[in-house]
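Undergrad: Mapping of the sequence shown onto the numbering used here: residues 6 to 405, in sequence order.
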Amino acid sequence: MEFQPDHGGPLQDVRIVDASRLVAGNMLTCVLGDMGADVIKVEEPGRGDPLRDWRTKGVSVHWKVYGRNKRSLTLDLRKPAGRELLLRLVADAHVFVENFRPGKLEKLGLGPDVLLERNPDLIVVRISGWGQTGPYASRPGYGTLVEAMSGFAALNGFEDRPPVLPPLALADMVAGLYGAVAVLVALRYREVGSGRGQVIDLPLFDPLFSLMSAEAGIYRLTGQIKRRTGSRSNSSAPRNVYRTKDGRWLALSASMQVMAERLFRAMGREDLIEDPRFRTNADRLANVEELDRIVQDFIEQRTLAENLAFFEQAGVTVAPVYDIAQILEDPHFRERQVIVEMPDADMGTIPMHNVVPRLSASPGSLRRPAPALGEHTEEILTALGLSSDDVRRLRADGVI
């Protein structure tokens, strides 16, 4: 698949200035960039976004994926000339994204009041760990800390082992997705509401906690803190991963009564439907250890392929546990181009996720690869009215 530089998109008239670093802001602007927004990535001269430093065998894979559909401009915001150029840039922008620690933007003289005075229509997205207000506002806001304090780690893993943090930047990514929605809402409000911009307070904590918000109500009702259950569920049983005869893993979920009964019939254990240990979901949860042993004993007699064919025929909800190599080879995902191979200077081609979601009338596109540091600096500054001599002076002064 090739990049489509001339493809527009539903957000092709939206300009975003992204001064954030690492994951949350890059996820946010990647989503909007995929839908056609003109994303200008503001980076520190000589260093760039630290996401570029997440390298595998010397290759900045994360940057190549989440930096796509963006242009790179280097600006030193510690210098007055750099700050003035940023203000000129946001004067014609629709959205500004940042993730400085709360108060830092104000110390630079670039607080929301200054930005909105320069452009009253501007939408200012402020990403932080804990929010712009409150006792924790000035604390470091790394996703790992949020994943620990949000309750996620306390629920994740096994009861007899330590809490488990996610193996990816989960808090950042969820915040980025929420942030993309928030920007679209703010753009719509500006269009049909006040016609003015606003500030979006986007901490990493709130979006991640929203995924587990029901836990607060459950705790209020029961007075009990849920224990870690591994791959099991506190809400329904059976739900787990089971080892197959050939050493693979099968995921199974019977979250509805009809599915549990269908599973029992398929296994030739119709007697379990009326067994007082397993008659209702509450019964099954209370006796989940014994239930899992019964299911495991059945599954381990067959290979993964045999289990998949058997349960599919019976209408029981199962799926194989895939690693990335198996995802890349799966014919369904290949046919739908869930993963696309894009041209890349380091790897020849690089696999990455396609545009999500798929719109029938106004689809997004992959228009350009992730830029080299400062690749579009002169192009962007020239469009602001600077001459080639101006650009050379700024470069000599270390502003760009």
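The beta-carbon is built from N, C-alpha and C at its ideal position, and this holds for glycine as well.
It should be emphasised that the depicted structure is a prediction, and the values quoted were computed from it without experimental measurement.
1. Classify residue 263: buried if its beta carbon has 16 or more other beta carbons within 10 angstroms, exposed otherwise.
2. For residue 247, list the residues DSSP reports as bridge partners.
3. Counting only the same chain and skipping the five closest in sequence on each side, list residues whose C-beta sits under 7 Å from that of residue 104.
4. What are the boundary residues of the alpha helix (DSSP H) that includes residue 30?
5. So residue 94 is in the alpha helix (DSSP H); what residue range does that whole segment cover?
6. Pick out whichever of 76, 137, 229 has its Cα sitting closest to the Cα of residue 106.
7. Taking Cβ to Cβ, would you say residue 346 is nearer than 8 Å to residue 356?
8. Between residue 158 and the rest of its own chain, which residues show a CB-CB distance below 6 Å, the 5 nearest in sequence each way excluded?
9. Between residue 304 and residue 247, is the Cβ-Cβ spacing less than 8 Å?
10. Since residue 205 and residue 187 should fall inside the 8 Å C-beta cutoff, what is the C-beta to C-beta distance between them, to a whole number of angstroms?
11. Label residue 63 either buried or exposed according to how many other C-beta atoms from any shown protein chain fall within 10 Å of its C-beta, with 16 as the threshold for buried.
12. Short of 7 Å in beta carbon distance, which residues of its chain neighbour residue 296, apart from the five on each side in sequence? Order them along the chain.
13. Skipping 5 residues on each side, what residues in its chain have a beta carbon closer than 8 Å to that of residue 306?
14. When you compare only the Cα positions, how much space is there between residue 52 and residue 81?
15. Put residue 291 into one of helix, strand or coil per three-state DSSP.
16. Taking all protein chains shown into account, do 16 or more other C-beta atoms lie within 10 angstroms of the C-beta of residue 227, making it buried, or fewer, making it exposed?
17. Roughly how many whole angstroms lie between the Cα atoms of residue 125 and residue 91?
18. Mapping the DSSP letters down to three states, classify residue 105 as helix, strand or coil.
19. To the nearest angstrom, report how far apart residue 281 and residue 309 are at their CA atoms.
20. Any idea if residue 364 is buried or exposed, counting beta-carbon neighbours within 10 angstroms, 16 or more meaning buried?
21. Taking the alpha-carbon positions, what's the residue 37 to residue 379 distance?
22. Please work out which residues of its chain come closer than 8 Å, Cβ to Cβ, to residue 56, disregarding the five sequence neighbours upstream and downstream, and give them in chain order.
23. By alpha-carbon positions, which one of 299, 359, 22, 287 ends up nearest to residue 271?
24. For residue 76, tell me which candidate among 381, 101, 83 has the shortest Cα-Cα distance.
25. At 4 residues or longer, and completely inside the region 302-374: list those alpha helix (DSSP H) runs for me, N to C.
26. In terms of residue numbering, what span does the beta strand (DSSP E) encompassing residue 20 cover?
27. Could you say if the region 139-155 and the region 109-120 meet the contact criterion of at least three C-beta pairs nearer than 8 Å?
28. When the Cα atoms are used, what is the spatial distance from residue 348 to residue 197?
29. Quick one: what does DSSP say residue 210 is sitting in, helix, strand or coil?
30. Shortest alpha-carbon distance to residue 377 belongs to which of 161, 49, 232?
31. Is the beta carbon of residue 391 closer than 8 Å to that of residue 185?
TA: If we stick to the structure as given:
1. Counting from 1 along the sequence shown, the entry for residue 263 is found at position 258. Under this definition residue 263 is an exposed residue.
2. Translated into the one-based positions of the sequence shown, residue 247 becomes position 242. DSSP output for residue 247 lists 255 as bridge partner(s).
3. Here residue 104 refers to the residue found at position 99 when the sequence shown is read from its first residue. Result list for residue 104: 25, 26, 29, 30, 132, 133, in chain order.
4. By one-based count along the sequence shown, residue 30 stands at place 25. That run of the alpha helix (DSSP H) goes 28-39.
5. Position 89 of the sequence shown, counting from 1, holds the residue named residue 94. Unbroken alpha helix (DSSP H) run through residue 94: 85-95.
6. Translated into positions along the sequence shown, residue 106 becomes position 101. Comparing Cα-Cα distances from residue 106 to each of 76, 137, 229, the minimum goes to 137.
7. The sequence position of residue 346 within the sequence shown is 341, counting from 1. The sequence position of residue 356 within the sequence shown is 351, counting from 1. It is a contact, given that the beta carbons lie within the stated cut-off.
8. Locating residue 158 in the sequence shown gives position 153, where the first residue counts as 1. The answer, listed in chain order, is 152, 168, 170.
9. Residue numbering aside, residue 304 sits at position 299 when the sequence shown is read from its first letter. Residue numbering aside, residue 247 sits at position 242 when the sequence shown is read from its first letter. In this structure, residue 247 lies closer than 8 Å to residue 304 by Cβ.
10. Within the sequence shown, numbered from 1, the residue matching residue 205 stands at position 200. Within the sequence shown, numbered from 1, the residue matching residue 187 stands at position 182. Correct: roughly 5 Å between the Cβ atoms.
11. Translated into the one-based positions of the sequence shown, residue 63 becomes position 58. Exposed, since its Cβ has fewer than 16 Cβ neighbours within 10 Å.
12. Working through the sequence shown from its first residue, we reach residue 296 at position 291. The answer, listed in chain order, is 242, 243, 283, 289.
13. Walking along the sequence shown from the start, residue 306 turns up at place 301. Closer than 8 Å at the Cβ level, and outside the excluded window around residue 306, lie 250.
14. Position 47 of the sequence shown, counted from the first residue, corresponds to residue 52. Position 76 of the sequence shown, counted from the first residue, corresponds to residue 81. Answer to the nearest angstrom: the Cα atoms are 10 Å apart.
15. Translated into the one-based positions of the sequence shown, residue 291 becomes position 286. In this structure, residue 291 counts as helix in the three-state DSSP scheme.
16. Taking the first residue of the sequence shown as position 1, residue 227 is located at position 222. Exposed, by the Cβ-count rule.
17. For the purposes of this step, residue 125 is taken as residue 120 along the sequence shown, with counting starting at 1. For the purposes of this step, residue 91 is taken as residue 86 along the sequence shown, with counting starting at 1. Distance between the alpha carbons of residue 125 and residue 91: 15 Å.
18. Here residue 105 refers to the residue found at position 100 when the sequence shown is read from its first residue. Residue 105: coil per DSSP, three-state reduction.
19. By 1-based counting over the sequence shown, the position of residue 281 is 276. By 1-based counting over the sequence shown, the position of residue 309 is 304. Residue 281 and residue 309: Cα-Cα distance of roughly 31 Å.
20. As a position in the sequence shown, residue 364 is number 359, starting the count at 1. Burial call: exposed.
21. Here residue 37 refers to the residue found at position 32 when the sequence shown is read from its first residue. Here residue 379 refers to the residue found at position 374 when the sequence shown is read from its first residue. Near 21 Å, if we compare the C-alpha coordinates of residue 379 and residue 37.
22. Within the sequence shown, residue 56 is the residue found at index 51, counting from 1. Closer than 8 Å at the Cβ level, and outside the excluded window around residue 56, lie 26, 27, 28, 31, 65, 67, 68, 71, 72.
23. Locating residue 271 in the sequence shown gives position 266, where the first residue counts as 1. With distances taken between Cα atoms, residue 271 lies closest to 299.
24. In the sequence shown, counting from the first residue as 1, residue 76 sits at position 71. Comparing Cα-Cα distances from residue 76 to each of 381, 101, 83, the minimum goes to 381.
25. 309-319, 329-334, 336-340
26. Against the sequence shown, residue 20 aligns to sequence position 15. Unbroken beta strand (DSSP E) run through residue 20: 20-23.
27. no
28. Within the sequence shown, the letter at position 343 stands for residue 348. Within the sequence shown, the letter at position 192 stands for residue 197. Taking the straight line from one Cα to the other gives about 40 Å.
29. The residue given as residue 210 occupies position 205 in the sequence shown. Three-state result, residue 210: helix.
30. In the sequence shown, the residue the question calls residue 377 occupies position 372. Ranking the options by Cα distance to residue 377, first place goes to 49.
31. Numbered from 1 along the sequence shown, position 180 holds the residue referred to as residue 185. Numbered from 1 along the sequence shown, position 386 holds the residue referred to as residue 391. The answer is no: Cβ separation not under 8 Å.
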